[in-house]
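Right, one structure below, let's go through it.
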Amino acid sequence: MPKRFGRPFMKWMRKPGRPSSARRAAMAWVIGALAMGCGASVEALDARDPTLPVETRSWIAGAEDGVIVARAELDMAKGERRRVARWAARVEESLEGALDGALEALVEARTREAELAVEEAEVGLELALAKQELVYAESAVRHDRASYDLGPLREGVDALRERAREAGRATSRAEMESQTAANAFWEAYGRYAAGGGDTTEFWVAGVLPE
Numbered sequence: 008m009p010k011r012f013g014r015p016f017m018k019w020m021r022k023p024g025r026p027s028s029a030r031r032a033a034m035a036w037v038i039g040a041l042a043m044g045c046g047a048s049v050e051a052l053d054a055r056d057p058t059l060p061v062e063t064r065s066w067i068a069g070a071e072d073g074v075i076v077a078r079a080e081l082d083m084a085k086g087e088r089r090r091v092a093r094w095a096a097r098v099e100e101s102l103e104g105a106l107d108g109a110l111e112a113l114v115e116a117r118t119r120e121a122e123l124a125v126e127e128a129e130v131g132l133e134l135a136l137a138k139q140e141l142v143y144a145e146s147a148v149r150h151d152r153a154s155y156d157l158g159p160l161r162e163g164v165d166a167l168r169e170r171a172r173e174a175g176r177a178t179s180r181a182e183m184e185s186q187t188a189a190n191a192f193w194e195a196y197g198r199y200a201a202g203g204g205d206t207t208e209f210w211v212a213g214v215l216p217e
């Protein structure tokens, strides 16, 4: 990053109240700039190339498998977010009586958890792709296939690792908050049922949390 932009940018990033989405977008730009620091895109290597040592081919295959797994995890997270959204819509349509407050709190907590899980998976995929690119570059340099500036690529991977750790911590906090909200709902539900409340509507509407 040019020095004339570096200090103002970091001051902007640390400014209180800066939206997290803006911070994430800005950090993504920085990471992209670091990864492109070598001035040229990194060409993929073939894990089946017989001219490469077995160890290198295994290393490449492992990085590529990491991308496949990360894509699958992102797909799963998005699927869960859709499921939570459908459940939240059912709850919203049926909120006209008992336990509205407990259900609303649970919907909010689970929606946030699902959103953060997707964000974590997105960062995970970015990290897997960056690690794959670094493996290609390091392998090419090691075996005289090409010349790359590995420093910016490694810095990009390190930055994404930190983002992944932060995203994981945020998701973990959201999971705990979601569990707390679920416990509160079931406690309220138990009191309502014990007091003679009609719980049929919850089952018919399909709004009870799983």
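For the sequence shown, counting from 1, position 147 maps to 154 in this note's numbering; every step adds exactly one.
Every residue, glycine too, gets a C-beta built ideally from N, C-alpha and C.
These numbers were taken from a predicted model, which means no experiment stands behind them.
Counting C-beta atoms within 10 angstroms of its own C-beta, residue 108 has fewer than 16 neighbours from the protein chains shown and is therefore classed as exposed. Assigned with DSSP and collapsed to three states, residue 152 falls in coil, not helix or strand. Residue range 61-101 is occupied by the alpha helix (DSSP H) that includes residue 73. In the DSSP assignment, residue 56 falls outside any alpha helix (DSSP H), carrying neither H nor E. In the displayed model, residue 216 falls within coil according to three-state DSSP, outside both helix and strand. Counting along the chain, the unbroken alpha helix (DSSP H) around residue 158 starts and ends at 157-201.
Note on geometry: alpha-carbon atoms of residue 80 and residue 199 lie some 38 Å from one another. Residue 186 has its alpha-carbon roughly 11 Å from the corresponding atom of residue 216. Excluding the 5 residues flanking it on each side, residue 144 has same chain C-beta neighbours closer than 7 Å at 49, 155, 157 and 160, in chain order. The beta carbon of residue 101 is closer than 6 Å to those of 212 and 214 in its chain, skipping five residues each way along the sequence. Counting only the Cα atoms, residue 150 lies some 43 Å from residue 87. Counting the other CB atoms within 10 Å of its CB gives residue 65 a total below 16, which places it among the exposed residues. Spatial neighbours of residue 92 in its own chain (CB-CB distance under 8 Å, excluding positions within 5 residues in sequence) are listed in chain order as 118 and 121. With distances taken between CA atoms, residue 90 lies nearest to 125 out of 74, 76 and 125. Under the 8 Å Cβ criterion, the segment 127-146 counts as touching the segment 61-75, having at least three qualifying pairs.
C-alpha of residue 56 to C-alpha of residue 78: approximately 24 Å in a straight line.
Counting every other CB atom within 10 Å of its CB across the protein chains shown gives residue 163 a total of 16 or more, marking it as buried.
Of the residues assessed, residue 169 falls on the exposed side of the cut-off, its CB having fewer than 16 other CB atoms within 10 angstroms. Out of 192, 202, 209 and 208, the CA that lies nearest to the CA of residue 111 is found in 192.
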